[in-house]
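Peer 1: Chains as they are written, first to last, in the UniProt record's numbering: chain A, 1 to 409; chain B, 1 to 409; chain C, 1 to 409; chain D, 1 to 409.
Number of protein chains: 4
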Amino acid sequence: MLTLDNHPTGRHFLQIPGPSPVPDRILRAMSLPTIDHRGPEFAVLGRRVLEGIAQVFQTRHPVIIYPASGTGAWEAALANTLSPGDHVLMYETGHFATLWNRMATRLGLKTEFLGLPGIEGWRRGVQAHMIEERLRADREHAIKAVCVVHNETSTGVTSDIAAVRRAIDAAGHPALLMVDSISGLASADYRHDEWGVDVTVSGSQKGLMLPPGISFNAVSPRAIEASKTARLPKSFWAWDEIIEMNKGGYWPYTPNTNLLYGLAESCDMLLSPQHGGLPAVFARHQRWAAGVRAAVNAWGLDIQCADPAVYSPVLTGVMMPEGVDADAVRRVIYERFDCSLGTGLGKVKGRMFRIGHLGDCNDLTLVAAVAGCEMGLKLSGVKLAGSGVQAAMDYFASNAVRLAQLHSG
Amino acid sequence: MLTLDNHPTGRHFLQIPGPSPVPDRILRAMSLPTIDHRGPEFAVLGRRVLEGIAQVFQTRHPVIIYPASGTGAWEAALANTLSPGDHVLMYETGHFATLWNRMATRLGLKTEFLGLPGIEGWRRGVQAHMIEERLRADREHAIKAVCVVHNETSTGVTSDIAAVRRAIDAAGHPALLMVDSISGLASADYRHDEWGVDVTVSGSQKGLMLPPGISFNAVSPRAIEASKTARLPKSFWAWDEIIEMNKGGYWPYTPNTNLLYGLAESCDMLLSPQHGGLPAVFARHQRWAAGVRAAVNAWGLDIQCADPAVYSPVLTGVMMPEGVDADAVRRVIYERFDCSLGTGLGKVKGRMFRIGHLGDCNDLTLVAAVAGCEMGLKLSGVKLAGSGVQAAMDYFASNAVRLAQLHSG
Amino acid sequence: MLTLDNHPTGRHFLQIPGPSPVPDRILRAMSLPTIDHRGPEFAVLGRRVLEGIAQVFQTRHPVIIYPASGTGAWEAALANTLSPGDHVLMYETGHFATLWNRMATRLGLKTEFLGLPGIEGWRRGVQAHMIEERLRADREHAIKAVCVVHNETSTGVTSDIAAVRRAIDAAGHPALLMVDSISGLASADYRHDEWGVDVTVSGSQKGLMLPPGISFNAVSPRAIEASKTARLPKSFWAWDEIIEMNKGGYWPYTPNTNLLYGLAESCDMLLSPQHGGLPAVFARHQRWAAGVRAAVNAWGLDIQCADPAVYSPVLTGVMMPEGVDADAVRRVIYERFDCSLGTGLGKVKGRMFRIGHLGDCNDLTLVAAVAGCEMGLKLSGVKLAGSGVQAAMDYFASNAVRLAQLHSG
Amino acid sequence: MLTLDNHPTGRHFLQIPGPSPVPDRILRAMSLPTIDHRGPEFAVLGRRVLEGIAQVFQTRHPVIIYPASGTGAWEAALANTLSPGDHVLMYETGHFATLWNRMATRLGLKTEFLGLPGIEGWRRGVQAHMIEERLRADREHAIKAVCVVHNETSTGVTSDIAAVRRAIDAAGHPALLMVDSISGLASADYRHDEWGVDVTVSGSQKGLMLPPGISFNAVSPRAIEASKTARLPKSFWAWDEIIEMNKGGYWPYTPNTNLLYGLAESCDMLLSPQHGGLPAVFARHQRWAAGVRAAVNAWGLDIQCADPAVYSPVLTGVMMPEGVDADAVRRVIYERFDCSLGTGLGKVKGRMFRIGHLGDCNDLTLVAAVAGCEMGLKLSGVKLAGSGVQAAMDYFASNAVRLAQLHSG
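1. Check whether the Cβ atoms of residue 80/C and residue 234/C sit closer than 7 Å, and answer yes or no.
2. Quick one: grab the DSSP three-state call for residue 393/A.
3. When DSSP labels each residue in this structure, what does residue 180/D get in the three-state scheme?
4. For residue 281/D, is the classification buried or exposed, using 16 other Cβ atoms within 10 angstroms of its Cβ as the cut-off for buried?
5. When the Cα atoms are used, what is the spatial distance from residue 339/B to residue 372/B?
6. Against chain B, which members of the stretch 8-26 of chain A pass a CB distance test of less than 9 Å?
7. In the structure shown, what three-state DSSP assignment does residue 35/B receive?
8. Within the stretch 231-270 of chain A, note down every full beta strand (DSSP E) run reaching 3 residues or more, in order along the chain.
9. Below 8 Å on the Cβ atoms is my guess for residue 198/C versus residue 177/C; work out the distance and round it to an integer in Å.
10. Whole angstroms are fine: how far does the CA of residue 40/A sit from the CA of residue 406/C?
11. Just mark residue 179/A as buried or exposed, buried being the case when its beta carbon has 16 or more other beta carbons within 10 Å.
12. Run through chain A and tell me which residues come within less than 7 Å of residue 32/B, C-beta to C-beta.
13. Apply the 10 Å Cβ neighbour rule to residue 399/D and answer buried if 16 or more other Cβ atoms are within range, or exposed otherwise.
14. How would you write the range of the alpha helix (DSSP H) that residue 190/D sits in, first residue to last?
15. Can you tell which of 122/D, 361/D, 188/D and 45/D has the C-alpha that lies nearest to the C-alpha of residue 410/D?
16. So, for residue 29/A: in the same chain, excluding its five sequence neighbours on each side, which residues have a beta-carbon less than 8 Å away from its beta-carbon?
17. With a CB to CB cut of under 8 Å and the five nearest residues on each side skipped, what residues in its chain are close to residue 16/A?
18. Let me see if you follow: with CB-CB separation under 7 Å, is residue 406/C close to chain A or not?
19. Using 10 angstroms around the beta-carbon of residue 408/B, count the other beta-carbons present and answer buried if the total reaches 16, otherwise exposed.
20. Name the chain C residues whose beta carbon is nearer than 8 Å to that of residue 6/B?
21. Going by DSSP, what residue range makes up the alpha helix (DSSP H) through residue 425/C?
22. I'd like to know whether the C-beta of residue 365/B is nearer than 7 Å to at least one C-beta of chain A.
23. Across the stretch 215-232 of chain A and the stretch 5-25 of chain A, are there enough close Cβ pairs to call them in contact, namely three or more that are closer than 8 Å?
24. Residues of the stretch 131-151 of chain B with a CB closer than 8 Å to any CB of chain G: list them in chain order, please.
25. What does residue 256/A reach in chain D if we use C-beta pairs closer than 8 Å?
26. Cβ of residue 63/A within 7 Å of Cβ of residue 54/A?
27. Where does the unbroken alpha helix (DSSP H) through residue 293/A begin, and where does it stop?
28. Just the chain C side, please: which residues come within less than 7 Å of residue 337/D by C-beta, in chain order?
29. Can you list, in chain order, the residues of its chain with a C-beta nearer than 7 Å to that of residue 292/C? Leave out the 5 residues immediately preceding and following it.
30. Select from 91/B, 158/B, 184/B and 87/B the residue whose C-alpha is nearest the C-alpha of residue 411/B.
31. Output, in sequence order along the chain, the residues in the stretch 368-397 of chain B whose CB is closer than 8 Å to any CB in chain A.
32. Does any CB atom of chain C fall closer than 7 Å to the CB of residue 36/B?
33. Please state if the CB of residue 82/A and the CB of residue 230/A are separated by a distance shorter than 7 Å.
34. Using a cut-off of 7 Å between C-beta atoms, extract the partners of residue 411/A located in chain C.
35. So residue 403/C contacts chain D; which residues on that side make the cut at Cβ distance below 9 Å?
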């Protein structure tokens, strides 16, 4: 019998930037009995989640739901739209941009990895002007796609996607715009249609508050058009049959039924007019992020994101002083305070940790997380300028809103 | 379809002194399918919980498990051992002692309510010497029972039960000793046999971390003897048939099967050698209580319990400054920070609130609760001497222990 | 970690006449986190379940919900309305009537136990004319209450309660009418107000499809009037404080919160207009009962209830041929076919078993249960006249209705 | 709030050949909170499921667990081992073999689809001698892989995989042997190592009793060797990084954590020595299949599988008489008896339905399913030779074993 009891008592504080804590409501929905994915009940479920997720992406076009985790949806975006050897322009915002770039290379695409040099690129958002310049230089339109990450989970930077679209348009270039918003969707404002994105890739285990296991491609008409001639081999990821079957609320192969139950619940929670819908979701993430940043500033530590204009509402990267092993600090916090934080990845391994402030959180959850960090930093011998917890509390109390509303259940 | 969504996001901080937060492990155990309470599987369950709960009471004698909430177990203690008009000496430690006294009166007993005058009695523990004096004066042994509350949930005072036993013995008096440890059991050290208690009353929704709905009478051989001649009417509460049927692992009427599943899990968690068993349970409650008291002291507010020797490890009563409505403060904390605190009861209504620090908690839960209080107090205009959160964190960090241990699941 | 795995695979068929199988929907509702029973959310829940349960009892008067199992509600009915030594007329329909009678005696009431002689009384319903005669003879109105069982769980007989009311009225007698409908409510038609019942006792684990642990007293204005002068000691069971507190949606002591979640869900399911409300609930129980009786008849075995007018829609008692140990048959069915049946109780111990057909069932569940019986009977060497399964299937197929309806979830 | 209530009461009988009913134990395990997939607890879980699933495949070599449904694992098998244009010999056993063949074509492989003509090939197992002949003719070893389906879910035929291995060896041909045992694993005996399979593809929603969403590639050393030079683009499906990371109990990208909880529970259930381990699992599927076939024979209907040597223990295809629309019959059974059956696929659409008898079943579940079929067939006007239910009961009763064992929970 499986138990998870590393800690003797109390609830774990899962403050990594995803998987985010799954609300009981969603776990409960996921425990409904698995049904026949070819039966009449399923079609009702299928249509419901397809409609709900499109609202979350802010799109009127198809959203493909894969019974696979987010990395698969990266592959799907590439495999459906590109052909072997195609030239792709990718922008390096951090570790996940790097992994996507590596995947594209592995799939046989010719990738070009643009970005600011060294660690600097990992502390700022996408520089849209660099993309514009590069595309202007591509007179023959060899570049078939521009790939950027919306919310870079490894750094805590949320790039301006609308600016990237403007850059492509300004260059008069026909490249597709493909965006990873795996950790941005349903936490940071994201507008697939309005921003002119061709393929948005996302996953379940972040703002959607689900366990990992389903992922998404939101696709524009231009992307669908491109998929008709793209020659990378594709079958499992192929959009065509899925879009066709989705019309009836079904999928061509076995969908991830119980996670779809969870997705139906998640959409209900996110879109609920009672609680303010998506604008309220985005606002509370911004609020939490501001509270956590107030804490980091009070400690006198650096926020990894060096440009306040692109601070992430989803997570905050906290740089350690010279000589401090961030993973040792994380271990103290995990072992003594039952709180998980994100590790530093790639270029910043050991030099920072990441505090997730997304999904099923509230002010006290984040004060607790910040307190765990503060105690752990002190126990690890890190000198702090002041109390981050106090700063976070000051922020939250000064900006407190009346949250509780009585409903008739 | 029932939902509980007063707050739009995140997990509620249930910091009342019971019901305490029910761990997922227990909720999960409670969702096992209800079985035939006369079938062979049930006997295995029945014997298992009877054995486990006896260990929790630290007794080798029978523990009666009622399919009823704690107030019923109060009635059971009286109805099994006493006759109409019997003289009972009860001690006023607070609101729950008062309610038990009222119940005894309603059941037709002649109660005498001993205690210190006014609110003073609600800030100190049982004065064993007063009991001793009263019993010495009762030369004819008219008094049939002495009733005291171990952990007074309305005040945050944990009385010395062994001292009460010594007082009765010193007076050479044959009265039964009946103790309410509804909110003490499985949080504060409690020794039914060693302390010579005749009937201990307890309930499920406190240290046992279960929802309300089952309750207990741990009974001594003397109490069983008394029950044979006691003449208060009794049927549902009658010990005799239950003790008889329990020998086979069954109950005379339908038991509360799904809560018994929870109780089996609860005993596993509390008694687990891996996590240190009951001594570790008691130690962590003491630790949490010390952290919370550090916070109240830092705020410059009074702890309701005026005698440090009997501070409760389960809850702390926080007195408000003159003119502050404690319930208005609680409302702010509930509405803005999604945290429930205990209200002031009876004599202290509106003058204090109670912070529960029991059951399925950890350091960060309590820092969060203290933070909710601190922000709510400030928003309510209460002047605080200093930061309670800082004090709690200092206490927890200075006393941090390595909690996490890897198990093979 | 608790598991229930007596059988290696598949779902247990719990075909006892209660506890009935708890639907996943209810188990899921019961797993919501326990909340503060004094907080604002609770009042919403409290009012909701009080309103729902009154509809189920078909009453406009108060229904008391006890955090205790059904036997407690028997005691509550007596303790609230009667005084020590009061004369009570009880009618013997079977084992549970006998137990209620024994309880009344134990509580100090003077009980008179009316009924047909020997086992005959256990095969027929309440003989209202006998009650009428007895009451007419009671010229001084010494009899304070008439107690009958609506659906006798030990036999499978559902008595005509309206006839009992008419008998009391015909005798012009002021005795209160108290009815046990523990296993009748929400399965068999039951009309507290229309039938002029003063106190109806019920429980959670039968037609309400909940685990055991809450129970009910539906009370008439006359019963409430009687409770003001009744002198049996009462405190936990006392209606007065509960009725008073219920006005705000609260209880005077800790309610069984998680079972109330289940009750809210149960009322939603039973009263759902979409599925036809209570009339549809009663109709399907009648239908299941008819199918099961068709099976028993086909086997050539006797149905314990000898009067077709009072066949129970909830359970069917199956008499064994001379020399067959019914419990040995039950054991075979349990061990080999993973199906639990009710044992014979009291006067019919070992001579019959009971098939429950209530709550969360459907046609195939009952065909399966009947098949388990048929195979078990054969393996036990009982000669059967014909196939009961075939007869049940014939009945169900001939009376099949279109059940499935598509909802939008 | 999502509900699934097409039917007003009772539990749905999900008798399709997968997804199979998910046991409560697994749903409960899946509701554990999602944890950090990079943290220390996760490694314990990861190693545990990797070890367990290898035992289920009966292999000592790596098993890749994909966070994707079964169709993805088909693609993974091909993408890891083959290069564009490679010649693959596939054998047509039914609809799923056809779909796999179509996928291979779509991925740019040159497929050759061997099989018996017309519907005949869909009623028999793989003809190993045809494979041997074809391979002997392939003197240049152009054929790189032989792909067969172990348990063809569309027909109810379980082919002899050891015979295919012998055929390849007899031909002295180096082709890889790739087997789809999506619906065979953990229901039908399957021996990856002993039978010399190079890649076995499987999924979660059949014998493993999980919801859909994870899938598997069990791989031989030869398959791993082949993957090093295979040139189909691969990234998400690539074995190399997964095998490397699995050594520590981790995955290169986010795994499907909550389904892995379920998998740990599933392995515990399947491998439990207490219940007989895999041999007992296989034996009970054979037993259920025999009971269901007895029913079909009694009805006088044809079993789709025309060769008794390869009857599937997992499902049985039931051919309808000329002129009967199998899907209309299925609809009657679904709407009136709350039972889902598998539809006829591809060449046999509308001509047959499939009864799943796998996973979390027991004798009574299957009697119920057969009863639903029998009543539905009659209501649809299909003339039956005799009672299938009676035949199934005869079979089960004659072969009854004592299943129940008391455990200490």
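Glycine residues also receive a C-beta, built at the ideal position from the N, C-alpha and C atoms. Note that the structure is a prediction, hence the values are computed from the model and not measured.
Peer 2: Quick look at the numbers:
1. In the third sequence, counting from the first residue as 1, residue 80/C sits at position 80. In the third sequence, counting from the first residue as 1, residue 234/C sits at position 234. Their beta carbons are under 7 Å apart, which means residue 80/C touches residue 234/C by this criterion.
2. For the purposes of this step, residue 393/A is taken as residue 393 along the first sequence, with counting starting at 1. Three-state DSSP puts residue 393/A in a helix.
3. Here residue 180/D is taken as the residue at index 180 of the fourth sequence, counted from 1. Residue 180/D: strand per DSSP, three-state reduction.
4. Stepping through the fourth sequence from its first residue, residue 281/D is reached at position 281. With 16 or more Cβ atoms within 10 Å of its Cβ, residue 281/D is classed as buried.
5. If you number the second sequence from 1, residue 339/B lands on position 339. If you number the second sequence from 1, residue 372/B lands on position 372. Roughly 7 Å between the two C-alpha positions.
6. 8, 9, 10, 11, 12, 13, 21, 23, 24 and 25
7. Residue 35/B sits at position 35 when you count from the first residue of the second sequence. It is coil, neither helix nor strand.
8. none
9. Residue 198/C sits at position 198 when you count from the first residue of the third sequence. Residue 177/C sits at position 177 when you count from the first residue of the third sequence. Right, their Cβ atoms sit about 5 Å apart.
10. Mapped onto the third sequence, residue 406/C falls at position 406. Mapped onto the first sequence, residue 40/A falls at position 40. Legend: pLDDT at residue 406/C = 47, less than 50; position of this residue unreliable, no value from coordinates given.
11. Numbered from 1 along the first sequence, position 179 holds the residue referred to as residue 179/A. Residue 179/A is buried by the Cβ-count criterion.
12. In the second sequence, residue 32/B corresponds to position 32, counting from 1. None at all; the shortest Cβ gap to chain A is about 12 Å.
13. Sequence index remark: in the fourth sequence, residue 399/D carries index 399 (1-based). Classification of residue 399/D: exposed, given that the 10 Å Cβ count is below 16.
14. Taking the fourth sequence and counting its residues from 1, one reaches residue 190/D at position 190. Residue 190/D -> no alpha helix (DSSP H), and no H or E assigned at all.
15. Examination of residue 410/D is not possible in this model, given that chain D is present from 1 through 409 alone.
16. Mapped onto the first sequence, residue 29/A falls at position 29. Here the set comprises 261, 262, 264 and 265.
17. In the first sequence, the residue the question calls residue 16/A occupies position 16. Here the set comprises 340, 341, 342, 354 and 356.
18. Here residue 406/C refers to the residue found at position 406 when the third sequence is read from its first residue. Because residue 406/C sits at a pLDDT of 47, beneath the cut-off of 50, its placement in the model cannot be relied upon, and the point is left open.
19. Here residue 408/B refers to the residue found at position 408 of the second sequence. Confidence at residue 408/B is low in this model, with a pLDDT of 39, below 50, so its placement is unreliable and the value that follows should be read with caution. By the 10 Å Cβ count, residue 408/B comes out exposed.
20. For the purposes of this step, residue 6/B is taken as residue 6 along the second sequence, with counting starting at 1. Correct list: 40 and 41.
21. There is simply no residue 425/C to check, as chain C begins at 1 and stops at 409 in what is shown.
22. Here residue 365/B refers to the residue found at position 365 when the second sequence is read from its first residue. Chain A, which has a Cβ nearer than 7 Å to the Cβ of residue 365/B, makes this yes.
23. no
24. Chain labels in this structure do not include chain G; the protein chains are A, B, C and D.
25. As a working mapping, residue 256/A is identified with position 256 in the first sequence. Residues of chain D passing the Cβ test: 69, 211, 212 and 213.
26. For the purposes of this step, residue 63/A is taken as the residue at position 63 of the first sequence. For the purposes of this step, residue 54/A is taken as the residue at position 54 of the first sequence. Result yes, Cβ atoms of residue 63/A and residue 54/A sit closer than 7 Å.
27. For this step, residue 293/A is matched to residue 293 along the first sequence. Residues 277-299.
28. Along the fourth sequence, read from residue 1 onward, the residue named residue 337/D stands at position 337. Per Cβ cutoff of 7 Å: 363 and 364.
29. For this step, residue 292/C is matched to residue 292 along the third sequence. Counting only Cβ-Cβ distances below 7 Å, and skipping sequence neighbours, we find 316, 355, 357, 366, 370 and 392.
30. In the structure as shown, chain B starts at 1 and stops at 409, and residue 411/B therefore has no counterpart that could be examined.
31. 368, 369, 371, 372, 374, 375, 378, 379, 387, 389, 390, 393, 396 and 397
32. The residue labelled residue 36/B in the question sits at position 36 within the second sequence. Cβ-Cβ to chain C under 7 Å: yes for residue 36/B.
33. In the first sequence, the residue the question calls residue 230/A occupies position 230. In the first sequence, the residue the question calls residue 82/A occupies position 82. Going by C-beta atoms, residue 230/A is nearer than 7 Å to residue 82/A.
34. Given a span of 1 to 409 for chain A in the structure shown, any question on residue 411/A remains unanswerable.
35. On the third sequence, position 403 is the one that residue 403/C refers to. Chain D residues near residue 403/C: 6, 7, 8, 9, 335, 336, 337 and 338.
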